[in-house]
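Trainee: Everything in the first sequence is counted per my numbering, starting at 51 for the first residue and increasing by one.
Right, I'll just put the structure down here and ask away after.
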Amino acid sequence: MDKTTTNKIFIGVSWPYASGKIHLGHLAGQNIACDVFARYHRLRGNRVLMVSGSDSHGTPILFKAEELGIPPEQLVEESHKNILSTFDKLSLLYENYTSTTTENHKKVVQNIFLVLKERGYLYTQKSKQYYDEKVNKYLPDRYVRGICPKCGAVNARGDECPECGEFLSPEDLLSPFSTLSDTKPVLKETEHFYLDLKKLEPKIKEWVEDSSGVWRKWVREFSKGWIKEGLRPREVTRDMKFGIPVPVEGWEDKVIYVWIEAVVGYLSASIEWANIIGKPSEWEEFWKDPKCKHYYFIAGGNTPFHTIIWPAELLAYSEKYSDNTLWEKYKLPGETLKENLNLPYNIPSNKMLLNKGKKMSKGDGNSMDVDSLLEKYNSDLIRFFFVRYAPENHDREFEWKDLIDCNNNELVANIGNFINRTLSFLNSKFENTVPNGVLDNNVKNAIDNTLKNIGENINNCEFVKSTDELLRFGDFCNKYFNDKAPWISYKEDIKECENTLYNSIQLVNALRILIKPFLPISSIEITKLLNIQNEYDPNIELKEIGEVKNFENKWSFETVQPNTKLNPPEILFEKILES
RNA sequence: CGCGGGGUAGAGCAGUGGCAGCUCGUCAGGCUCAUAACCUGAAGGUCGUUGGUUCGAAUCCAACCCCCGCAACCA
Numbered sequence: 051m052d053k054t055t056t057n058k059i060f061i062g063v064s065w066p067y068a069s070g071k072i073h074l075g076h077l078a079g080q081n082i083a084c085d086v087f088a089r090y091h092r093l094r095g096n097r098v099l100m101v102s103g104s105d106s107h108g109t110p111i112l113f114k115a116e117e118l119g120i121p122p123e124q125l126v127e128e129s130h131k132n133i134l135s136t137f138d139k140l141s142l143l144y145e146n147y148t149s150t151t152t153e154n155h156k157k158v159v160q161n162i163f164l165v166l167k168e169r170g171y172l173y174t175q176k177s178k179q180y181y182d183e184k185v186n187k188y189l190p191d192r193y194v195r196g197i198c199p200k201c202g203a204v205n206a207r208g209d210e211c212p213e214c215g216e217f218l219s220p221e222d223l224l225s226p227f228s229t230l231s232d233t234k235p236v237l238k239e240t241e242h243f244y245l246d247l248k249k250l251e252p253k254i255k256e257w258v259e260d261s262s263g264v265w266r267k268w269v270r271e272f273s274k275g276w277i278k279e280g281l282r283p284r285e286v287t288r289d290m291k292f293g294i295p296v297p298v299e300g301w302e303d304k305v306i307y308v309w310i311e312a313v314v315g316y317l318s319a320s321i322e323w324a325n326i327i328g329k330p331s332e333w334e335e336f337w338k339d340p341k342c343k344h345y346y347f348i349a350g351g352n353t354p355f356h357t358i359i360w361p362a363e364l365l366a367y368s369e370k371y372s373d374n375t376l377w378e379k380y381k382l383p384g385e386t387l388k389e390n391l392n393l394p395y396n397i398p399s400n401k402m403l404l405n406k407g408k409k410m411s412k413g414d415g416n417s418m419d420v421d422s423l424l425e426k427y428n429s430d431l432i433r434f435f436f437v438r439y440a441p442e443n444h445d446r447e448f449e450w451k452d453l454i455d456c457n458n459n460e461l462v463a464n465i466g467n468f469i470n471r472t473l474s475f476l477n478s479k480f481e482n483t484v485p486n487g488v489l490d491n492n493v494k495n496a497i498d499n500t501l502k503n504i505g506e507n508i509n510n511c512e513f514v515k516s517t518d519e520l521l522r523f524g525d526f527c528n529k530y531f532n533d534k535a536p537w538i539s540y541k542e543d544i545k546e547c548e549n550t551l552y553n554s555i556q557l558v559n560a561l562r563i564l565i566k567p568f569l570p571i572s573s574i575e576i577t578k579l580l581n582i583q584n585e586y587d588p589n590i591e592l593k594e595i596g597e598v599k600n601f602e603n604k605w606s607f608e609t610v611q612p613n614t615k616l617n618p619p620e621i622l623f624e625k626i627l628e629s
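Okay, here's the thing in C-alpha cells:
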C-alpha cells in the first residue's frame, strides 16, 4: 500500500468475432476479468492501456452474411455495434475498442507481414484445396462434408468426424460435398504463404521456459505440450477478397488469414489509441518500455495463439530493430524508438464455461447471449457472478441456481445487508447523520488488510480468490455490527452506540472502494448515498472523457467525516425470488 | 500408446507422507437493527478404481476407468 510509483500495464483482450452477439462464454472467458484487472490498476494509479476490438474478417463471416442475404460489411458493422452496446451495458471500459476494418489496422498488418517476409519467416508453397465451382469459392475444411473413412458416418466434416472423433483432412473424406451448394467440390491447386514456426521454435521454446513461471499451471503445461509436439508451419494467406490484401505483387486476389491478422490487432489498436489521444508515439510507452507488463485475457483454445504464435511473431518482427534497412523502410505509424516490442508477461487464460456438459460457442449453436441475461438481471450481478464463478482452472457448468445463489447469499445477504442495516440504523436513529467516533484498531486493520489482499489477488490474476476476500470482509462487517449490538447500546450507552455507527459507516465506505473494480455501478450508488462529492476516480474519468489524466493511488481508504448528512437509504441489490 | 487439465461432503474447491478440511447450501436452538446477520450445535465423504511402497497414503509409484478442452477461423 505504500508503493506510490506509477507502473505501466498493457492489457490485450481477445477479439470477439463479429458474426453475432456476445455470449456467456465471452464473459466467463475474459471480458469481465480483464475489466476488473484494468479498473483495479487504474485505481491503483497505474497507467493502463487496455485494447481489443471486433475481429471482422474471415470466411465464416462471409458465409453467414450470404446466408442472411446481406453484404459482409453490413453484418460486421451490425455485430460491432451490438458488441459495443453489450459491453457498455456491462460497464466494460477499454482505452480503445476498435475493429479490424480500420485503415490503420490494415497498414500495421501489412507492415508486419512484409517484415516477416523480408526476415525470411514467410515462404510460399503450393497445395491442393477443395473448390466449389458452383459458388466459385475455395472451401474451408469445415465446409466440406462427406463419409468418414474410419467409421463410415455420412456427415463427417472436413476437419473432424463428429461421430468417431477422428481428426481428418478434407481429402480424407469419401464422397465429399460442399455445404454451400451440395455439389461435389474439385481439388484445385493454390499457393499460400506460410509462417515458418519451425524456424522460430528454439527461440519460442526458450522464451516459454523462462517466462511461464507466473502463468496458470494449465496454461503453462498446455503451451509446453504444444511445443513438445513440434511447431508446424502455418498458412497465413487465404483465397478470398474479403479481408486485408496480401501486399505482394501477383497476390492481389488473396488476403491475410484472420488468425494472424487478429493478434496483430493488439498492436494496431494501441497505435490507433495513440492517435486518438493526439500523441502518435505514445503507444511505444507501452510496447517498448521493458518495465511495462503485458497481460492477455483470453480463453481456452485461444491460448496457444497468445503463448506461442503471437510471441513468435513479435520475436521475429523485433529483428527489424537491428536491421537498419528494414528500420528505415518499415516504420510503424508514430514509431520513433529502435527498441524491441514487449512480449506477453502473463496470459491468465480461463477454461471453458459449459452448457449441459458441452462448451458454449457460436460455432456449435450451444451459446446463450448476454443481452437476454441483461434484460433480466442487473449488470453488476452479472459481472460479479462471472468473476466469482469463473472457470480459472477447470471447465465449469453454467447453472442458473448459482447465479441466484450468488445474488441472494453474497450480494444481498452479505454486502448488501451490511450496508443496508448500517444506513437504515443511521436513518432511523441518527437523522441520517454520521455521528462522532474513533476508528477501532481492528476495523482499521481489517480495512487495510483487505485492500492489500484484494489488490494482491487481482494483481496475481487470482480473481476468484479476490472475491473470497471481499466476502470475508463482508462477514467481518456484519459480525462487527452484530457483536457491538448498537440496538442495545442505543438504549444503554449512547456514546458507545455513536462510536459503533461511526465505525460502521467507515466500513461501508471501505466496501464502496473495495467493490469498485467488481461492481462499479453499485459503488457509484453508495457514493451518492454517502453524499461523497468531488472524489477523483480514474475509471469515471476514462468513461467520461476517454482518457485518464491523473495517476494517484486511489486504492486507499479515507474516512467519512462526522456530521456528514447522508441521503435516504436505498436497497442496492434486490433479492431474486426463485421462479 | 496425439497433447493437456480434472475426478475429495448436495454444489464449488483447499489439502505433496502424520486425526479428511474450507466456503455455500441443509437441519435444530439462541439472538434480532437488517431484503437479514451473527453465535452454538448437528447431519452429510469407502478422497475415481485396483494393486504396490511405507509404521502410516487424498498425498509417492504402477496400471486402469470416467469427465473436459485442444489438435490450427472455436472465448
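Just so it is clear, CB atoms sit at the ideal spot from N, CA and C, and this is done for glycine as well.
Please read all numbers here as calculations on a predicted model, not as lab measurements.
Going by DSSP, name the residue or residues bridged to residue 470.
Mentor: DSSP lists no partner for residue 470.
Trainee: Would you mind sorting residue 241 into buried or exposed? The rule is 16 or more other CB atoms within 10 Å of its CB.
Mentor: Looking at its Cβ environment, which holds fewer than 16 other Cβ atoms inside 10 Å, residue 241 is exposed.
Trainee: Is the region 83 to 90 close to the region 57 to 64, with three or more CB pairs under 8 Å?
Mentor: Yes: the two stretches touch, three or more of their Cβ pairs being nearer than 8 Å.
Trainee: Is the separation between the beta-carbon of residue 254 and that of residue 159 shorter than 7 Å?
Mentor: No, the Cβ-Cβ distance between residue 254 and residue 159 is not below 7 Å.
Trainee: Am I right that residue 320 and residue 101 are in contact with their C-beta atoms under 8 Å? What's the rounded C-beta distance?
Mentor: Indeed they touch by this definition, with Cβ atoms about 6 Å apart.
Trainee: Measuring straight from C-alpha to C-alpha, what distance separates residue 280 and residue 250?
Mentor: Straight-line Cα distance between these residues: approximately 11 Å.
Trainee: Can you tell me whether DSSP reads residue 52 as helix, strand or coil?
Mentor: Annotation note: pLDDT 41 at residue 52 (below 50); position unreliable, coordinate value reported separately. DSSP places residue 52 in coil when its eight states are reduced to three.
Trainee: Considering Cα atoms alone, identify which of 608, 81 and 524 is closest to residue 138.
Mentor: Closest by alpha carbon: 81.
Trainee: Let me know if residue 111 comes out buried or exposed under the rule of 16 or more other beta-carbons within 10 Å of its beta-carbon.
Mentor: Its Cβ being crowded by 16 or more others within 10 Å, residue 111 is buried.
Trainee: Alpha carbon to alpha carbon, what distance is there between residue 482 and residue 272?
Mentor: Those two C-alpha atoms are separated by around 56 Å.
Trainee: Quick one: what's got a C-beta closer than 6 Å to residue 51's C-beta in the same chain, skipping five residues either side?
Mentor: Note on residue 51: pLDDT 42, under 50, position unreliable in the model; no value is reported.
Trainee: Have a look at the DSSP bridge pairing and note the partners of residue 108.
Mentor: Note: residue 108 sits in no beta bridge, so no partner.
Trainee: In this structure, does DSSP put residue 520 in helix, strand or coil?
Mentor: Residue 520: helix per DSSP, three-state reduction.
Trainee: For residue 75, name the three-state secondary structure that DSSP assigns.
Mentor: The answer is helix: DSSP assigns residue 75 an H, G or I state.
Trainee: Quick one: Cα of residue 69 to Cα of residue 548, how far?
Mentor: Approximately 58 Å between the Cα atoms of the pair.
Trainee: Roughly how far, in whole angstroms, is the beta-carbon of residue 398 from the beta-carbon of residue 266, given that I think they are within contact range, below 8 Å?
Mentor: Sure, about 6 Å apart at Cβ, within 8 Å.
Trainee: Report the partner residues of residue 373 according to the DSSP bridge assignment.
Mentor: The partner list for residue 373 (beta bridge, DSSP) is empty, contrary to what the question assumes.
Trainee: Return the bridge partner residues of residue 285 from the DSSP annotation.
Mentor: For residue 285, which the question treats as bridged, DSSP gives the partners 244.
Trainee: Which residue marks the beginning of the beta strand (DSSP E) containing residue 194, and which one marks its end?
Mentor: From DSSP, the beta strand (DSSP E) with residue 194 extends over 194 to 197.
Trainee: Is DSSP giving residue 510 helix, strand or coil here?
Mentor: Looking at residue 510 - three-state DSSP - the assignment turns out to be coil, as it is neither helix nor strand.
Trainee: For residue 252, which of 274, 239 and 237 has the nearest alpha-carbon?
Mentor: Checked all of 274, 239 and 237; the closest Cα to residue 252 is 274.
Trainee: Hey, residue 346 and residue 356: beta-carbon distance below 7 Å or not?
Mentor: Their beta carbons are under 7 Å apart, which means residue 346 touches residue 356 by this criterion.
Trainee: Suppose the cutoff is 6 Å on Cβ atoms and the five residues either side in sequence are ignored; what does the same chain contact list for residue 188 look like?
Mentor: Cβ neighbours of residue 188 beyond the five flanking positions: 179, 181 and 289.
Trainee: Pick from 95, 331, 243 and 389: whose alpha carbon is nearest that of residue 600?
Mentor: Closest option to residue 600, Cα to Cα, is 95.
Trainee: Can you list, in chain order, the stretches of the alpha helix (DSSP H) that have 4 or more residues and sit fully within the region 352 to 406?
Mentor: Fully enclosed alpha helix (DSSP H) runs of 4 or longer: 360 to 367 and 374 to 379.
Trainee: For residue 618, does the three-state DSSP call read helix, strand or coil?
Mentor: Three-state result, residue 618: coil.
Trainee: Have a look at the DSSP bridge pairing and note the partners of residue 447.
Mentor: Residue 447 is bridged to 404.
Trainee: Considering only the alpha carbon of each residue, which of 339, 619 and 451 lies closest to residue 467?
Mentor: Per the Cα distances, 619.
Trainee: Any heavy atom of the ligand COA closer than 6 Å to the Cβ of residue 303?
Mentor: Within the structure as shown, the ligand COA is missing, as the structure has no ligands at all.
Trainee: For residue 330 and residue 383, which I take to be in contact (beta-carbon distance under 8 Å), what is that distance rounded to the nearest angstrom?
Mentor: That pair is a contact at about 7 Å.
Trainee: Suppose contacts are defined by Cβ-Cβ distances below 7 Å. Is residue 337 in contact with residue 393 by that definition?
Mentor: Cβ atoms of residue 337 and residue 393: not closer than 7 Å.
Trainee: Would a C-beta distance cut-off of 7 Å place residue 444 and residue 401 closer than the cut-off?
Mentor: It is a contact, given that the beta carbons lie within the stated cut-off.
Trainee: Can you tell me the Cα-Cα spacing of residue 169 and residue 366, whole angstroms?
Mentor: Going by the C-alpha atoms only, they are around 8 Å apart.
Trainee: First and last residue of the alpha helix (DSSP H) that includes residue 558?
Mentor: Per DSSP, residue 558 belongs to the alpha helix (DSSP H) from 544 to 564.
Trainee: With three or more beta-carbon pairs closer than 8 Å as the criterion, would you say the region 547 to 566 touches the region 514 to 529?
Mentor: Taking 8 Å as the limit for Cβ pairs, the verdict is that the region 514 to 529 does touch the region 547 to 566.
Trainee: Decide if residue 442 is buried, meaning its Cβ has at least 16 other Cβ atoms within 10 Å, or exposed.
Mentor: Residue 442 comes out buried.
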